[in-house]
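Just so we're aligned, residue 0 is where the sequence shown starts under numbering that gives the first Met the number 0, counting upward by one.
Every residue gets a Cβ at the ideal spot worked out from N, C-alpha and C, and that includes glycine.
Quantities reported herein were computed from a predicted structural model and do not represent experimental measurements.
Working notes for the structure below.
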Amino acid sequence: MKKIPIGIDNFYKLVDENYYFADKTIFIKDIIEESSQVLLIPRPRRFGKSLNMSMLRYFFTNKNAEKNRELFNGLKIENEKIMDEQGKYPVIYISFKDVSGNSWEDFYNSMKTKISKLFFEYKYLLNKDSISCYDKETFEKILLNTGNQNSYESSIKFLCELLYEYHDVSPIILIDDYDHPIVSVATSEFYKEGHNFYMNLLGTSLKGNEYLKKAVLVGTLISTKQHICDGLDNIYISSILYSRLNYFGFSEDEIVELLKYYKKDYNISEIKEWYGGYSFGKNSLYNPRS
Numbered sequence: 000m001k002k003i004p005i006g007i008d009n010f011y012k013l014v015d016e017n018y019y020f021a022d023k024t025i026f027i028k029d030i031i032e033e034s035s036q037v038l039l040i041p042r043p044r045r046f047g048k049s050l051n052m053s054m055l056r057y058f059f060t061n062k063n064a065e066k067n068r069e070l071f072n073g074l075k076i077e078n079e080k081i082m083d084e085q086g087k088y089p090v091i092y093i094s095f096k097d098v099s100g101n102s103w104e105d106f107y108n109s110m111k112t113k114i115s116k117l118f119f120e121y122k123y124l125l126n127k128d129s130i131s132c133y134d135k136e137t138f139e140k141i142l143l144n145t146g147n148q149n150s151y152e153s154s155i156k157f158l159c160e161l162l163y164e165y166h167d168v169s170p171i172i173l174i175d176d177y178d179h180p181i182v183s184v185a186t187s188e189f190y191k192e193g194h195n196f197y198m199n200l201l202g203t204s205l206k207g208n209e210y211l212k213k214a215v216l217v218g219t220l221i222s223t224k225q226h227i228c229d230g231l232d233n234i235y236i237s238s239i240l241y242s243r244l245n246y247f248g249f250s251e252d253e254i255v256e257l258l259k260y261y262k263k264d265y266n267i268s269e270i271k272e273w274y275g276g277y278s279f280g281k282n283s284l285y286n287p288r289s
């Protein structure tokens, strides 16, 4: 019998160590088929956002592609045509959940450290014979935390360009907890500096980036484009009320299936009484952590 995962948001660990998984893999197919190049998906806390992003990462990344293919054996996505896309892309994955600071300097250094660690994952790009001296110098300064502010604001787009030139494939960007930096500076004295830096980072990465295949952002903040994503008019915000991308939280059918698997003789009405559930339009959802 499969173990019950509590607080596990790494898809590889969940599958490899035989934890129970409510199969959300068709989410991958819908992401690719969605016409918008940049998707922002706001959902409540503890609804499986990080796990779904981890699943996307392991599906698309061209790193250890053959091994990652095994993770999807027996899952709903396995027999879909989209499996042709598995393991084909360089993937830039970054979570901003631990970016913070009590001053602009602290916040900026926290962002720089986060980006520096991201670049460390791709240090193999420095070995490419055709990389220009200028690009190599810029990469090394970002990696060593010695770049200027402009280089960090354009860093993700710069990384996209280098990955495209190296692999000859447009990268996919996955941003978890996209809203955390915004929330962390919202009531601070350095709101203007922090907001402008972060918006410039997102703007250069997500709009007019000719090297980008697809970008997915998740967080808890339900925002308007005008307030959060200034100038990013190419973003599709996936509302939990109207979107077909309803792969977050547990549906009633998934709850029933879970109870059957663990041989728990509870009626769904009892579960509703205990945990209430969440109603979003016509959708009745349950918090996986609950």
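### Task
Tell whether a beta-carbon distance below 8 Å holds between P89 and L201.
In the sequence shown, residue 89 corresponds to position 90, counting from 1. In the sequence shown, residue 201 corresponds to position 202, counting from 1. No. Outside cutoff.
### Query
What residue from F118, R68 and L70 has the CA that sits closest to Y92's CA?
Position 93 of the sequence shown, counting from 1, holds the residue named residue 92. Selected option, being the one with the closest Cα: F118.
### Message
Between L13, E65, K206 and Y18, which has its C-alpha nearest K1's C-alpha?
### Response
As a working mapping, residue 1 is identified with position 2 in the sequence shown. The candidate whose alpha carbon is nearest that of K1 is Y18.
### Task
Look at the alpha carbon of N208 and the alpha carbon of M52, and state the distance between them as a whole number of angstroms.
Position 209 of the sequence shown, counting from 1, holds the residue named residue 208. Position 53 of the sequence shown, counting from 1, holds the residue named residue 52. Going by the C-alpha atoms only, they are around 21 Å apart.
#### Entry: For A21, the three-state DSSP class (helix, strand or coil)
Sequence index remark: in the sequence shown, residue 21 carries index 22 (1-based). Note: A21 maps to coil in three-state DSSP.
### Task
Kindly identify the DSSP beta-bridge partner or partners of A64.
Residue numbering aside, residue 64 sits at position 65 when the sequence shown is read from its first letter. None, per the DSSP bridge assignment.
### Task
Give the DSSP-derived three-state secondary structure of Y210 in the structure shown.
For the purposes of this step, residue 210 is taken as residue 211 along the sequence shown, with counting starting at 1. Looking at Y210 - three-state DSSP - the assignment turns out to be coil, as it is neither helix nor strand.
### Query
How should I172 be labelled, buried or exposed, when 16 other C-beta atoms within 10 angstroms of its C-beta is the threshold for buried?
For this step, residue 172 is matched to residue 173 along the sequence shown. It is buried - the Cβ of I172 has at least 16 other Cβ atoms within 10 Å.
### Which of helix, strand or coil DSSP assigns to S94
On the sequence shown, residue 94 is found 95 positions in, with the first residue counted as 1. Three-state result, S94: strand.
### Task
Return helix, strand or coil for I31, following the three-state DSSP convention.
As a working note, residue 31 is residue 32 in the sequence shown. If DSSP states are grouped into helix, strand and coil, I31 belongs with the helices.
### Query
Taking C-beta to C-beta, are H295 and V184 nearer than 8 Å?
With the chain running from 0 to 289 in the structure shown, residue 295 is simply not present.
### Query
Could you give the residue range of the alpha helix (DSSP H) that holds D128?
Locating residue 128 in the sequence shown gives position 129, counting from the first residue. Looking at the DSSP string, D128 is not in any alpha helix (DSSP H), and its letter there is neither H nor E.
### Query
Which class does D178 belong to by DSSP, given the choice of helix, strand or coil?
Taking the sequence shown and counting its residues from 1, the one referred to as residue 178 is at position 179. It is coil, neither helix nor strand.
### Message
Just to check my reading of the structure: I7 and K75 have Cβ atoms closer than 8 Å, yes? What is that Cβ distance to the nearest angstrom?
### Response
Residue mapping note: residue 7 aligns to position 8 of the sequence shown, counting from 1. Residue mapping note: residue 75 aligns to position 76 of the sequence shown, counting from 1. Rounded, the Cβ-Cβ distance is 20 Å, inconsistent with contact.
### Message
So, for S153: in the same chain, excluding its five sequence neighbours on each side, which residues have a beta-carbon less than 7 Å away from its beta-carbon?
### Response
Looking up residue 153 in the sequence shown gives position 154. Once the five neighbours on either side are set aside, the close Cβ partners of S153 are T203.
### Query
According to DSSP, what are the bridge partners of F249?
Stepping through the sequence shown from its first residue, residue 249 is reached at position 250. Paired residue(s): Y285.
### For P41: DSSP bridge partner residues
Numbered from its first residue, the sequence shown carries residue 41 at position 42. G218, per the DSSP bridge assignment.
### Query
Could you give the residue range of the beta strand (DSSP E) that holds Y235?
Residue 235 sits at position 236 when you count from the first residue of the sequence shown. Y235 -> beta strand (DSSP E) spans I234 to I236.
### Query
So, using beta-carbon positions, are K213 and I30 closer together than 8 Å?
Start at 1 with the first residue of the sequence shown, and residue 213 comes out as number 214. Start at 1 with the first residue of the sequence shown, and residue 30 comes out as number 31. Yes, these two residues count as a Cβ contact at 8 Å.
### Query
To the nearest whole angstrom, what separates the beta carbons of I141 and S115, a pair I think is in contact under 8 Å?
Within the sequence shown, the letter at position 142 stands for residue 141. Within the sequence shown, the letter at position 116 stands for residue 115. With a Cβ gap of about 6 Å, I141 and S115 count as contacting.
### Task
Figure out for me which residue from R42, Q36 and K66 has the closest Cα to the Cα of D15.
Within the sequence shown, residue 15 is the residue found at index 16, counting from 1. Nearest of R42, Q36 and K66 to D15, Cα basis: K66.
### Message
Considering just the uninterrupted stretch of the alpha helix (DSSP H) at L200, what are its terminal residues?
### Response
Stepping through the sequence shown from its first residue, residue 200 is reached at position 201. Segment Y190 to L205, the alpha helix (DSSP H) holding L200.
### Query
Whose C-alpha, out of F249, D134, I234 and K191, is nearest the C-alpha of E33?
In the sequence shown, the residue the question calls residue 33 occupies position 34. Measuring from the Cα of E33, the nearest candidate turns out to be I234.
### Task
Find the nearest neighbour of L211 within the set I254, I155, N266 and Y190, judged by alpha-carbon distance.
The count along the sequence shown starts at 1 and reaches residue 211 at position 212. Comparing Cα-Cα distances from L211 to each of I254, I155, N266 and Y190, the minimum goes to I155.
### Task
Output the distance between the C-alpha atoms of D175 and K262, rounded to the nearest integer angstrom.
Position 176 of the sequence shown, counted from the start, is the residue given in the question as residue 175. Position 263 of the sequence shown, counted from the start, is the residue given in the question as residue 262. Going by the C-alpha atoms only, they are around 35 Å apart.
### Query
To which residues does DSSP link E2 through a beta bridge?
Counted from its first residue, the sequence shown places residue 2 at position 3. Looking at the sequence shown, residue 2 is not Glu but Lys. Partner(s): Y18.
### Query
What residue from L39, V37 and S49 has the CA that sits closest to N296's CA?
One cannot answer for residue 296 here, as it falls past the ends of the chain, which runs 0 to 289.
### Query
Ends of the alpha helix (DSSP H) at M54?
Translated into positions along the sequence shown, residue 54 becomes position 55. Counting along the chain, the alpha helix (DSSP H) containing M54 begins and ends at K48 to F59.
### Message
Just to confirm the assignment, what range does the alpha helix (DSSP H) spanning T137 have?
### Response
On the sequence shown, residue 137 is found 138 positions in, with the first residue counted as 1. That run of the alpha helix (DSSP H) goes C132 to L142.
#### Entry: Per-residue DSSP class, three states only, for L74
Indexing the sequence shown from 1 puts residue 74 at position 75. Correct three-state label for L74: coil.
### Task
Could you check which residue in E160, F106 and T219 has the C-alpha nearest to that of I130?
As a first step, residue 130 must be located in the sequence shown, where it is residue number 131. Closest by alpha carbon: E160.
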